[in-house]
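Participant: For the sequence shown, our numbering assigns the number 9 to the initial residue and increments by one for each residue that follows.
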Amino acid sequence: MNFVTSWSGGKDSCYAMMQAVKLGLKPKVLLNMMNENGKISRSHGLPLSILHQQAQKMQLPIETVPATWGDYEEKFIGILKKLKANFELDAAVFGDIDLQPHRDWEEKVCKAADLEAILPLWQQDRIILVNEMIESGIETMIVSCNTMMGESYLGKVLTKELALELAAKGIDPCGENGEFHTMVIYCPLFSDKITLPIFKTVEHNDYCFVVWE
Numbered sequence: 009m010n011f012v013t014s015w016s017g018g019k020d021s022c023y024a025m026m027q028a029v030k031l032g033l034k035p036k037v038l039l040n041m042m043n044e045n046g047k048i049s050r051s052h053g054l055p056l057s058i059l060h061q062q063a064q065k066m067q068l069p070i071e072t073v074p075a076t077w078g079d080y081e082e083k084f085i086g087i088l089k090k091l092k093a094n095f096e097l098d099a100a101v102f103g104d105i106d107l108q109p110h111r112d113w114e115e116k117v118c119k120a121a122d123l124e125a126i127l128p129l130w131q132q133d134r135i136i137l138v139n140e141m142i143e144s145g146i147e148t149m150i151v152s153c154n155t156m157m158g159e160s161y162l163g164k165v166l167t168k169e170l171a172l173e174l175a176a177k178g179i180d181p182c183g184e185n186g187e188f189h190t191m192v193i194y195c196p197l198f199s200d201k202i203t204l205p206i207f208k209t210v211e212h213n214d215y216c217f218v219v220w221e
C-alpha cells in the first residue's frame, strides 16, 4: 500500500509514519497544511525551510498547501485527490491518538478522496507512547505550548523525564489536547539531523511559540 503522511513536522505524525512503514506500507509523499500566507505550518508554526529539510532527510517530496480555516477541508480533499492520482496512493496516515472528532474528519476526507485512513497510534497509552517514540530514536523539541506550561518549555527536547514531569502537572504528555506541539529534529527515517535556525520565543493569545529567523 502506498500512502501519504499528514505531516505536521512533529512527533505524532513522525511515529505514525514509522509504524506504517513497519507494517510494510510504502511512504510516497508528505502533506502539510500551511497558514494563509503559506509561510508557516498551521498547527506547529514551522517554516517551509524546516519542513523541506525534514522531507529531504527522508528523500520524500512534500506538498505544502496554504489554507484558511474556512476552506481547509475543501483544499485538503482536493490535494488528497491530486496526490492519489500522482503517486498512486491507497491510504493516508495520521498521528491522532484519541480525539474522535479528528478521526471522524480524517475518515470523511479520505472517503471523499477514495483513500483509506490509517491511524497507527489510535487509543494507545500516552506515557507508553512517548517512551516508545523516544526509545525508537525520535528526537523532538517543544516548539509551542499553552501559558499553563509557559515559555520556559520552548526549545526543550522531549525526554521520558520531561513527559513524567508534564503528566504530574496534569498536562497530557503527548500534548494531544493541544497543550504543546513538537518538531522532529531526528528520527530513524532521517539520513541525519536537521539544522536548526536561530529562534526566539513569543507569547500570543495565551499561547507561547518558537519564532524562527
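Using N, Cα and C, we set each Cβ at its ideal position, and we do this for glycine too. Because the structure is a prediction, the values reported are computed rather than measured.
1. Identify the continuous beta strand (DSSP E) that holds Ile193 and give its terminal residues.
2. Can you confirm whether the segment 85 to 102 touches the segment 119 to 131 when touching is taken to mean that 3 or more C-beta pairs between the two stretches lie within less than 8 Å?
3. For Phe188 and Lys177, I'd like the C-alpha separation in whole angstroms.
4. Just curious, the beta strand (DSSP E) that Cys153 is in, first and last residue?
5. Tell me the residue span of the beta strand (DSSP E) that contains Ala125.
6. Can you give me the Cβ contacts of Tyr194 inside the same chain, cut-off strictly under 6 Å, excluding the 5 residues immediately before and after it?
7. According to DSSP, is His113 part of a helix, a strand, or is it coil?
8. Can you check whether the CB of Ser16 is closer than 8 Å to the CB of His60?
9. What's the C-alpha gap between His110 and Thr203?
10. Find the nearest neighbour of Lys164 within the set Ala175, Ser152 and Lys119, judged by alpha-carbon distance.
11. Skipping 5 residues on each side, what residues in its chain have a beta carbon closer than 8 Å to that of Val29?
12. DSSP on Met9, reduced to helix/strand/coil?
13. Could you tell me the alpha carbon to alpha carbon distance between Thr76 and Lys168, rounded to whole angstroms?
Facilitator: From the atom records:
1. In the DSSP assignment, Ile193 falls within the beta strand (DSSP E) that extends over Phe188 to Tyr194.
2. Touching, yes, given that three or more Cβ pairs across the two stretches are closer than 8 Å.
3. For Phe188 and Lys177, the distance between alpha carbons rounds to 13 Å.
4. DSSP places Cys153 inside the beta strand (DSSP E), whose first and last residues are Glu147 to Asn154.
5. Its beta strand (DSSP E) spans residues Glu124 to Ile126.
6. Glu147 and Lys201, listed in sequence order.
7. In the sequence as presented, His is not what sits at residue 113; that position holds Trp. Three-state result, Trp113: helix.
8. Cβ distance not < 8 Å, so His60 and Ser16 don't count as in contact.
9. Those two C-alpha atoms are separated by around 32 Å.
10. Residue nearest to Lys164 within the set Ala175, Ser152 and Lys119 is Ser152 (criterion: CA-CA distance).
11. Closer than 8 Å at Cβ, skipping near neighbours: Pro35 and Leu197.
12. It is coil, neither helix nor strand.
13. Cα to Cα, Thr76 sits roughly 36 Å from Lys168.
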